[in-house]
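Numbering (my numbering), first residue to last: 38 to 432.
Backbone N, C-alpha and C define an ideal beta-carbon position, used for all residues, glycine too.
Source: prediction; values computed, not measured.
These notes concern the structure reproduced below.
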């Protein structure tokens with residue numbers, strides 16, 4: 038049952054063909070059997086989860102409509118329930134806290150679970166990425182169909198890419214945040230795009246933009262998209278670029294997107310100084326330069342999304358690295374620009390690199406365009422999928 042999609046589980050629970058408590062018991066059993074190899078969870082809440090599932094069954098019996106009835110989920114970190122209220126109201130059953138990096142971990146690339154370091158479901162000698170490490174590993178291995186995350190530099194999208202799952206970062210500022218820098222945005226990791234769309238429907242249902250959104254014309258049948266291998270400054274590995282570009286070409290050939298040509302390659306300024314100036318002011322000696330970089334990139338992205346619907350890149354510039362660490366490479370090189378700019382973005386599986394690990398394709402859209410981003414990603418899933426082959430038998 039745990040390997041089923043969130044949407045199919047919820048449909049079955051609402052129809053009464055399966056009980057939420059049975060779905061939850063199945064997920065807990067799978068975690069008990071398999072998580073010792075993954076260490077995706079920092080805590081597992083057996084009794085609490087079963088009680089929550091019984092309450093969902095009671096609500097269903099009373100005729101309540103729950104969009105995500107009985108869906109077992111992981112929540113990022115021990116305090117993840119604080120932001121999971123809309124999901125619980127929709128019928129989700131939290132089964133545990135997924136692992137996050139331990140104290141002093143550089144660049145948020147490891148997870149520290151209850152059995153030690155969190156491993157990648159595809160290769161145990163590789164990291165799942167971070168900081169939503171446990172969420173990505175748990176979803177990639179089929180322990181749960183959906184897990185929450187948050188993304189301040191790529192913390193949802195990078196582990197999604199490296200674990201072969203879907204990772205959505207929403208528009209920055211759309212939801213309240215305790216992050217004073219404004220870089221952090223909520224997100225979700227799933228095995229199917231429809232599940233990410235269901236998450237979005239739930240969390241966005243009661244929100245209103247802080248400022249009025251401009252009128253946006255309807256999407257054409259095949260939205261325009263610009264491919265950039267490096268955003269003009271990064272140095273991604275050629276094998277990663279090749280996989281992501283091949284996926285982009287397949288989407289264009291299938292009519293999912295219409296690639297546009299440009300006279301000059303698209304270029305952003307390297308966002309590292311601007312990101313560091315906000316998150317670690319002591320690390321950047323030139324805040325004026327950082328402000329300038331951010332302003333330049335904002336202008337270039339605004340101009341880009343005035344003329345095309347999507348920007349496509351590889352999600353991460355490298356394959357997942359080993360547990361010894363990333364060295365001097367920033368795995369965030371292609372993602373953190375969009376935490377600074379606030380644009381919504383999603384990573385979807387593009388294929389596999391020579392090392393047998395997944396590679397992600399990164400789709401970025403204009404502010405507030407999550408729905409169209411998810412629509413394109415779901416169409417891409419029909420061309421590039423199925424994306425549900427990762428199981429714990431791989432590790």
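Practice prompt. State buried or exposed for residue 116, treating a residue as buried only when at least 16 other CB atoms are found within 10 Å of its CB.
Written response: Along the chain shown, one-based indexing puts residue 116 at 79. By the 10 Å Cβ count, residue 116 comes out exposed.
Practice prompt. Taking residue 175 as part of the alpha helix (DSSP H), name the residues at either end of that continuous run.
Written response: Position 138 of the chain shown, counted from the first residue, corresponds to residue 175. According to the DSSP assignment, residue 175 belongs to the alpha helix (DSSP H) that extends over 170–177.
Worksheet item: What's the C-alpha gap between residue 331 and residue 98?
Response: Indexing the chain shown from 1 puts residue 331 at position 294. Indexing the chain shown from 1 puts residue 98 at position 61. Pairing residue 331 with residue 98, the inter-Cα distance amounts to about 52 Å.
Worksheet item: Among 316, 419, 208, which residue has its Cα nearest to the Cα of residue 290?
Response: Residue 290 sits at position 253 when you count from the first residue of the chain shown. Nearest neighbour of residue 290 by Cα position, chosen from 316, 419, 208, turns out to be 419.
Discussion item. To the nearest angstrom, how far is the alpha carbon of residue 262 from that of residue 415?
Written reply: The residue labelled residue 262 in the question sits at position 225 within the chain shown. The residue labelled residue 415 in the question sits at position 378 within the chain shown. Taking the straight line joining both Cα atoms gives about 16 Å.
Item to complete: Indicate whether residue 179 and residue 67 have their beta-carbon atoms separated by less than 9 Å.
Response: Taking the first residue of the chain shown as position 1, residue 179 is located at position 142. Taking the first residue of the chain shown as position 1, residue 67 is located at position 30. With contacts defined by Cβ atoms closer than 9 Å, residue 179 and residue 67 form a contacting pair.
Worksheet entry | Per DSSP, the bridge partner or partners of residue 28 | This structure does not reach residue 28, given that the chain is present from 38 up to 432, and the question cannot be answered.
Practice prompt. Out of 240, 58, 394, 310, point me to the one whose CA is closest to residue 374's CA.
Written response: What you label residue 374 is simply residue 337 of the chain shown in a count that begins at 1. Out of 240, 58, 394, 310, 310 has the C-alpha closest to the C-alpha of residue 374.
Discussion item. Only counting the same chain, and skipping five residues up and downstream in sequence, which positions put a Cβ closer than 7 Å to that of residue 267?
Written reply: In the chain shown, residue 267 corresponds to position 230, counting from 1. Here residue 267 has 273 as same chain residues with Cβ atoms under 7 Å from its own Cβ, once five neighbours each way along the sequence are excluded.
Worksheet item: In terms of alpha-carbon separation, which member of 185, 383, 229 lies closest to residue 129?
Response: If you number the chain shown from 1, residue 129 lands on position 92. It is 185 whose Cα lies nearest to the Cα of residue 129.
Item to complete: Would you mind listing the beta strand (DSSP E) stretches within the segment 209–293 that are 3+ residues and don't spill past its ends, in chain order?
Response: DSSP runs (the beta strand (DSSP E)) wholly in the segment 209–293: 222–227, 261–264.
Worksheet item: Is it buried or exposed for residue 301, if we count other Cβ within 10 angstroms and need 16 for buried?
Response: If you number the chain shown from 1, residue 301 lands on position 264. Exposed, since its Cβ has fewer than 16 Cβ neighbours within 10 Å.
Discussion item. For residue 234 and residue 119, I'd like the C-alpha separation in whole angstroms.
Written reply: Counting from one through the chain shown, the residue named residue 234 turns up at place 197. Counting from one through the chain shown, the residue named residue 119 turns up at place 82. Cα to Cα, residue 234 sits roughly 21 Å from residue 119.
Worksheet item: Who pairs with residue 149 in a beta bridge, going by DSSP?
Response: Sequence index remark: in the chain shown, residue 149 carries index 112 (1-based). Residue 149 is bridged to 137, 154.
Item to complete: Entirely within the segment 297–368 and at least 4 residues each: give me those alpha helix (DSSP H) ranges in chain order.
Response: Scanning the segment 297–368 for uninterrupted alpha helix (DSSP H) segments of 4 residues or longer gives 309–316, 324–344, listed from N- to C-terminal end.
Worksheet item: For the alpha helix (DSSP H) that contains residue 411, what are its first and last residues?
Response: Looking up residue 411 in the chain shown gives position 374. Where residue 411 is concerned, the enclosing alpha helix (DSSP H) stretches over 407–421.
Worksheet item: residue 122 bridges to which residues according to DSSP?
Response: For this step, residue 122 is matched to residue 85 along the chain shown. DSSP output for residue 122 lists no bridge partner at all.
Item to complete: Can you say whether residue 244 is buried or exposed, counting buried as having 16 or more other CB atoms within 10 angstroms of its CB?
Response: Within the chain shown, the letter at position 207 stands for residue 244. In this predicted model, residue 244 has a pLDDT of only 44, less than 50, meaning its place in the structure is not dependable enough to derive any value.
Worksheet item: Taking just the CA atoms, how far does residue 404 sit from residue 336?
Response: The residue given as residue 336 occupies position 299 in the chain shown. The residue given as residue 404 occupies position 367 in the chain shown. Approximately 13 Å between the Cα atoms of the pair.
Discussion item. Would the segment 393–402 count as touching the segment 358–365 if we require 3 or more Cβ pairs under 8 Å?
Written reply: At 8 Å Cβ cutoff, the stretches do not touch.
Worksheet item: Which residue's Cα is closest to the Cα of residue 407: 340, 346, 351, 360?
Response: Your numbering for residue 407 matches position 370 in the chain shown. The shortest C-alpha separation from residue 407 is found at 346.
Worksheet item: Is residue 295 helix, strand or coil when you go by DSSP?
Response: Position 258 of the chain shown holds residue 295. Reduced to three states, the DSSP call for residue 295 is strand.
Fill in: Selected residue, minimal CA-CA separation from residue 316, among 278, 340, 377
Reading the chain shown from its first residue, position 279 is the one you call residue 316. It is 377.
Discussion item. DSSP has residue 185 in a bridge; who is on the other side?
Written reply: Residue numbering aside, residue 185 sits at position 148 when the chain shown is read from its first letter. Partner(s): 225.
Worksheet item: Hey, how far is the Cα of residue 338 from the Cα of residue 209?
Response: For the purposes of this step, residue 338 is taken as the residue at position 301 of the chain shown. For the purposes of this step, residue 209 is taken as the residue at position 172 of the chain shown. In a straight line, the C-alpha of residue 338 is about 15 Å away from that of residue 209.
Worksheet entry | For residue 377, three-class secondary structure by DSSP | Here residue 377 corresponds to residue number 340 of the chain shown, with the count starting at 1. Residue 377 falls in the helix class under three-state DSSP.
Practice prompt. Grab me the residues of residue 270's own chain with a C-beta within less than 6 Å of its C-beta, minus the 5 sequence neighbours each way, in chain order.
Written response: Residue numbering aside, residue 270 sits at position 233 when the chain shown is read from its first letter. Listed in chain order, the non-local C-beta contacts of residue 270 below 6 Å within the same chain comprise 307, local neighbours out to five positions each way being set aside.
Worksheet item: Do you know offhand how far residue 79's Cα is from residue 153's?
Response: On the chain shown, position 42 is the one that residue 79 refers to. On the chain shown, position 116 is the one that residue 153 refers to. Here the C-alpha atom of residue 79 lies approximately 9 Å from the C-alpha atom of residue 153.
Practice prompt. Give the range of the beta strand (DSSP E) segment to which residue 79 is assigned.
Written response: Taking the chain shown and counting its residues from 1, one reaches residue 79 at position 42. Bounds of the beta strand (DSSP E) holding residue 79 are 78–81.
Worksheet item: So residue 384 is in the beta strand (DSSP E); what residue range does that whole segment cover?
Response: The residue given as residue 384 occupies position 347 in the chain shown. Here the beta strand (DSSP E) through residue 384 covers 382–389.
Discussion item. Looking only at its chain, what residues have a beta carbon closer than 8 Å to the beta carbon of residue 292, apart from the 5 residues adjacent to it on each side?
Written reply: Taking the chain shown and counting its residues from 1, the one referred to as residue 292 is at position 255. Excluding sequence neighbours, residue 292 sits near 258, 259.
Discussion item. Going by beta-carbon coordinates alone, are residue 238 and residue 224 separated by less than 9 Å?
Written reply: Residue numbering aside, residue 238 sits at position 201 when the chain shown is read from its first letter. Residue numbering aside, residue 224 sits at position 187 when the chain shown is read from its first letter. No, the Cβ-Cβ distance between residue 238 and residue 224 is not below 9 Å.
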